[in-house]
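Read through the structure below, which is laid out as C-alpha cells, and then see the notes.
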Amino acid sequence: DSGALYRLLAVAAQDRGIPLDDEASLVDLAPRLVIRFQIDASGGEHILLDGQDVTTRVRAEETGADASVLAVLPGVREALVQRQRDFRQPPGLVADGRDMGTAIFPDADVKIYLTATAEARAARRHKQLNGKENGASLTALFRKISARDERDSSRQASPLRAADDAVVIDTTDLDIPAVMDRVLEEVRKKLPESLKDPK
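Following this line, the structure appears as C-alpha cells:
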C-alpha cells in the first residue's frame with residue numbers, strides 16, 4: 023500500500039511541525055521513519071509509526087489530502103521509491119499504488135490498473151467513512167477525489183497514468199468479488215503456474 027507511506031510521511035511531518043511544502047525537510051525525514059504493517063488475529067490491519075499505532079490517523083480523509091500535497095514533490099517521491107521497492111521479497115508481492123506499474127515496479131509480471139468514476143469512488147469512500155469521521159459529506163469527498171486526481175495526473179514526478187502494458191479494469195459498476203474475479207482472471211492468463219494448488 024504505497025499510499026500509506028505518503029500518508030505516514032504526512033502524519034510524521036505534522037507531528038514534527040514540518041510544513042508539507044518543505045521538500046528538503048520531508049526528504050530528510052522519509053528514510054528515518056520506522057514503519058511496520060501488522061495484521062491482527064481477526065485480519066485487521068494496524069500501521070505503526072515509530073512504535074505507535076497510527077492506523078486511524080493514516081486512514082483519515084484529511085491525511086489523504088495532505089499526502090497528495092506532498093506527493094507532488096519530486097524529492098519526496100524519490101526518497102520513498104527505494105522504501106517501496108524494499109517490500110518486494112520472495113515469493114512475490116502484490117503492490118497497491120498509483121504509480122506501482124509505471125515508476126516503482128515497471129518490470130512487474132502483471133499490472134492491473136483499476137479505475138472508476140470520481141462519483142463511484144466518492145460513494146465508496148463515504149460508505150467506508152460512515153460513522154468514522156464527522157462531516158465527510160458525499161459532495162466534499164467528490165471534490166477532494168477530483169482535486170487529487172487532477173493533482174496526481176498533472177504532477178511532473180511520476181504522474182498518474184496506466185502503464186502501457188497494464189490491463190485496465192473499470193470498477194465503477196463492479197463489487198469487490200467481481201473485481202477480484204477479473205484480477206485473478208488476468209493473473210491466470212499471465213502467470214498460469216502461480217495460482218495452481220501446491221501438491
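The opening residue of the sequence shown carries number 23 in this note's numbering; numbering runs sequentially from there.
Ideal Cβ positions, reconstructed from N, Cα and C, are used throughout, including at glycine.
Is the beta carbon of residue j closer than 8 angstroms to that of residue i?
{"i": "arginine 42", "j": "alanine 26", "result": "Residue 42 is actually leucine in this sequence, not arginine. Result no, Cβ atoms of leucine 42 and alanine 26 do not sit closer than 8 angstroms."}
{"i": "glutamate 208", "j": "leucine 151", "result": "no"}
{"i": "leucine 30", "j": "isoleucine 69", "result": "yes"}
{"i": "arginine 204", "j": "isoleucine 191", "result": "yes"}
{"i": "arginine 110", "j": "phenylalanine 127", "result": "yes"}
{"i": "glutamate 45", "j": "glycine 97", "result": "yes"}
According to DSSP, is residue i helix, strand or coil?
{"i": "arginine 58", "result": "strand"}
{"i": "glutamine 36", "result": "helix"}
{"i": "glutamine 74", "result": "strand"}
{"i": "valine 209", "result": "helix"}
{"i": "valine 91", "result": "helix"}
{"i": "leucine 31", "result": "helix"}
{"i": "glycine 119", "result": "coil"}
{"i": "alanine 26", "result": "helix"}
{"i": "aspartate 203", "result": "helix"}
{"i": "alanine 130", "result": "coil"}
For the alpha helix (DSSP H) containing residue i, name the first residue and the last one.
{"i": "glutamate 67", "result": "Note, glutamate 67: premise wrong, no alpha helix (DSSP H); beta strand (DSSP E) at 67 to 71."}
{"i": "aspartate 174", "result": "160 to 176"}
{"i": "threonine 77", "result": "77 to 81"}
{"i": "leucine 48", "result": "45 to 51"}
{"i": "leucine 102", "result": "96 to 107"}
{"i": "leucine 151", "result": "140 to 151"}
Under 8 angstroms by Cβ, that's how I've got residue i and residue j pegged, so tell me the actual separation to the nearest angstrom.
{"i": "alanine 142", "j": "threonine 85", "result": "Between threonine 85 and alanine 142 the Cβ distance is about 22 angstroms, and since that is not below 8 angstroms, they are no contact."}
{"i": "valine 22", "j": "arginine 173", "result": "Any question about residue 22 goes unanswered here, given that the chain covers just 23 to 221."}
{"i": "leucine 160", "j": "alanine 144", "result": "6 angstroms"}
{"i": "alanine 34", "j": "leucine 71", "result": "6 angstroms"}
{"i": "alanine 140", "j": "phenylalanine 164", "result": "6 angstroms"}
{"i": "valine 49", "j": "alanine 89", "result": "15 angstroms between Cβ atoms; not a contact."}
{"i": "serine 176", "j": "glutamine 106", "result": "Not really, about 22 angstroms apart at Cβ, beyond 8 angstroms."}
Kindly indicate the opening and closing residues of the beta strand (DSSP E) around residue i.
{"i": "aspartate 192", "result": "189 to 192"}
{"i": "leucine 136", "result": "134 to 137"}
Give a yes or no on contact between the stretch 46 to 62 and the stretch 129 to 138, applying the rule of three or more CB pairs nearer than 8 angstroms. no
Can you confirm whether the stretch 137 to 150 touches the stretch 110 to 123 when touching is taken to mean that 3 or more C-beta pairs between the two stretches lie within less than 8 angstroms? no
Does the count of Cβ pairs from the stretch 159 to 175 and the stretch 196 to 203 closer than 8 angstroms reach three? no
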